[in-house]
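Notes follow the structure.
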Amino acid sequence: MKRKSCLVRRTAAAVTAGAAALVLAACGGADDGDTGGSAGHGGHNGSASASASAPDSQGRHNAADVAFAKGMIPHHRQAVEMADLAPERAGSPEVEKLAAEIKKAQAPEIRTLSGWLTSWGEEVPADGAAMDHSTHGMDGMDGMMTDQEMRGLEDASGEAFDTAFLELMIRHHEGAVAMARAEQADGAHAPAKKMAGEIITSQSAEIERMKRLLGKG
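Positions -25 to -1, 1 to 192 (mature numbering (1 follows the signal peptide of the UniProt record, and there is no 0)) are the ones given, in order, by the sequence shown.
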């Protein structure tokens, strides 16, 4: 009877030990699963990180972007300066209206371009600063007015002003379009390339409009 009882106890102990081993194995399997799960989550987190870094890649910039901003700021400033002459000097409402539209479009872009340069740790061109041709390689083909041309525009009025304004602004716009095309080809900053595309579209349309006003379109 004692031997039978002892045998029962031993059998029970063996069963318990076996059950414990099974539990440990199951736990080990769960841990392995968690490790695999963590790797899976790691992969998911990696993809989330990649998504999170997407805006950063969109925010990257290169030398062409810097040159575009540094070149376009004084270029736009001069266009605004030219447009400011129209209310008191233009002979036709069409020219005065066009000048107002040019100022309305380009003044906000100056602020945006300046903001990009500041965020990139670059110096914003000072008011009145001439364009640095070495930064964008336009070799004088940016359409900027000379001081003499600006003085001539300031001294003109009526039909003479309209003709000079339109002819000079066409050349000015053509320079801006060339700069914008260079940015689209070589730039890396998505918002700058988007602005360049908008400049090409809007200023190309204004060039055609000005040519029609001159009777050349």
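Quick reminder that beta carbons are idealized off the backbone N, C-alpha and C, glycines included.
Residues near residue i in its chain [Cβ-Cβ closer than 7 Å; skip 5 each side]
| i | result |
| --- | --- |
| A61 | V70, E71, A74, F140 |
| P100 | K45, I48, P49 |
| D107 | Residue confidence is low: D107 scores 49 on pLDDT, short of 50, so the model does not pin down where it sits. Its coordinate-derived value is still stated next. So the qualifying residues of the chain are K45. |
| A82 | V55 |
| E124 | L143 |
| L88 | A44, M47, I48 |
| Q178 | H148, A151, V152 |
Coil, strand or helix - residue i by DSSP
| i | result |
| --- | --- |
| A58 | helix |
| A65 | strand |
| G133 | helix |
| G150 | helix |
| L73 | helix |
| W95 | coil |
| R35 | coil |
| H50 | helix |
| L128 | helix |
| K191 | coil |
| G162 | coil |
One or two residues paired with residue i in a DSSP bridge
| i | result |
| --- | --- |
| A101 | According to DSSP, A101 bridges with nothing at all. |
| G118 | Answer is none; G118 lacks a bridge partner. |
Beta-carbon proximity list for residue i, same chain, < 8 Å, skipping 5 on both sides
| i | result |
| --- | --- |
| I175 | V152, A155, R156, Q159 |
| G162 | H36, N37, A39, D40, F43, K168, A171 |
Same chain only: Cβ atoms within 6 Å of residue i, ignoring 5 sequence neighbours per side
| i | result |
| --- | --- |
| S132 | R64 |
| K78 | V55, A58 |
| E97 | V41 |
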